[in-house]
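In my numbering, the protein residues as written are 158 to 361.
Have a look at the structure below before the remarks.
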């Protein structure tokens, strides 16, 4: 076990006869510090406004989503900005992540579920008469999971209706074809990551 090996090394540095609770705690804290480095870099980019993350006010076709990523030995939650635009033309839906081949299969499933839910609500008699595109902004690696599908549904409705969405409320949850909101994982990490970002941009 890596924690035991690191605690053993720390005990040796202390000239201790064996490993004690202090060495275990120190080993765990060191592992978290190393794994949390990427998250601290992301938070610094929010401070420097290199990541655009409006967490106050209202906006049309824009919503704050919550994601989780594995950084080494820990799972870190963080918010991101989901945007949606629509135009007249060939009816349909464009996922920029999917077209750029950055969408995992579960993300694609969630997006398609949202599309079918919208078509079920608004295209029973006539085809969906708009082209809709959407993406999670400033995410550059492969993205997966369906926990942003509920937020995507709200974001599309906001764009079509021009009704603004509060930006200081983050959304996470999976949407079913029937409109049910389904549970997701990583809730604690998502809340912690959102709160850390809100501390930087200002609490409302």
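By construction, the Cβ of each residue, glycine as well, lies at the ideal position given by its N, Cα and C atoms.
Model, not experiment: these values are computed from the prediction.
Looking at residue 309: is its Cβ nearer than 8 Å to the Cβ of residue 291? The residue labelled residue 309 in the question sits at position 152 within the chain shown. The residue labelled residue 291 in the question sits at position 134 within the chain shown. In contact: residue 309 and residue 291 (Cβ atoms closer than 8 Å).
With respect to the alpha helix (DSSP H) encompassing residue 344, which residues constitute its N-terminal and C-terminal limits? Position 187 of the chain shown, counting from 1, holds the residue named residue 344. Note, residue 344: alpha helix (DSSP H), 344 to 358.
Under the rule that 16 or more other beta-carbon atoms within 10 Å means buried, what is residue 270, buried or exposed? Counting from 1 along the chain shown, the entry for residue 270 is found at position 113. Label assigned to residue 270: buried.
Reducing DSSP to helix, strand and coil, say where residue 331 ends up. In the chain shown, residue 331 corresponds to position 174, counting from 1. Residue 331: strand per DSSP, three-state reduction.
Where the alpha helix (DSSP H) containing residue 228 begins and where it ends: As a first step, residue 228 must be located in the chain shown, where it is residue number 71. Taken as a continuous stretch (DSSP letters only), residue 228 belongs to no alpha helix (DSSP H), being part of the beta strand (DSSP E) at 219 to 228.
Is it a yes or a no for the stretch 228 to 243 touching the stretch 192 to 207, going by three-plus beta-carbon pairs under 8 Å? yes
Whole-number beta carbon distance between residue 324 and residue 213, since they are thought to touch under 8 Å: By one-based count along the chain shown, residue 213 stands at place 56. By one-based count along the chain shown, residue 324 stands at place 167. Rounded, the Cβ-Cβ distance is 6 Å, consistent with contact.
Go through its chain and collect everything with a Cβ distance to residue 210's Cβ below 7 Å, but skip five positions before and after it. Position 53 of the chain shown, counted from the start, is the residue given in the question as residue 210. So the qualifying residues of the chain are 203, 236, 238, 354 and 358.
Under DSSP, the beta strand (DSSP E) around residue 242 begins and ends at which residues? Your numbering for residue 242 matches position 85 in the chain shown. Start and end: 231 to 244.
Can residue 216 and residue 321 be called in contact, C-beta distance under 8 Å? Position 59 of the chain shown, counted from the start, is the residue given in the question as residue 216. Position 164 of the chain shown, counted from the start, is the residue given in the question as residue 321. Cβ atoms of residue 216 and residue 321: closer than 8 Å.
Given that a residue counts as buried once 16 or more other Cβ atoms are within 10 Å of its Cβ, and exposed if not, what is residue 343? Translated into positions along the chain shown, residue 343 becomes position 186. With 16 or more Cβ atoms within 10 Å of its Cβ, residue 343 is classed as buried.
For the stretch 178 to 205, which segments carrying the alpha helix (DSSP H) assignment without a break, of at least 4 residues, lie completely within its bounds, in sequence order? 178 to 192 and 194 to 204
Please determine if the stretch 172 to 187 and the stretch 331 to 341 are in contact, where contact requires at least 3 C-beta pairs separated by less than 8 Å. no
For residue 274, is the classification buried or exposed, using 16 other Cβ atoms within 10 angstroms of its Cβ as the cut-off for buried? In the chain shown, the residue the question calls residue 274 occupies position 117. Buried is the call here.
Would you mind listing the beta strand (DSSP E) stretches within the stretch 245 to 278 that are 3+ residues and don't spill past its ends, in chain order? 249 to 252
Thinking just about the alpha-carbon of each residue, which of 313, 201, 346 and 246 is nearest to the one in residue 272? Walking along the chain shown from the start, residue 272 turns up at place 115. Residue 272 has its Cα closest to that of 313, out of 313, 201, 346 and 246.
Quick one: is residue 311 buried, meaning 16 or more other Cβ sit within 10 Å of its Cβ, or exposed? Counting from one through the chain shown, the residue named residue 311 turns up at place 154. So residue 311 ends up on the buried side.
Do you know offhand how far residue 319's Cα is from residue 207's? Here residue 319 refers to the residue found at position 162 when the chain shown is read from its first residue. Here residue 207 refers to the residue found at position 50 when the chain shown is read from its first residue. Roughly 27 Å separates the two Cα atoms.
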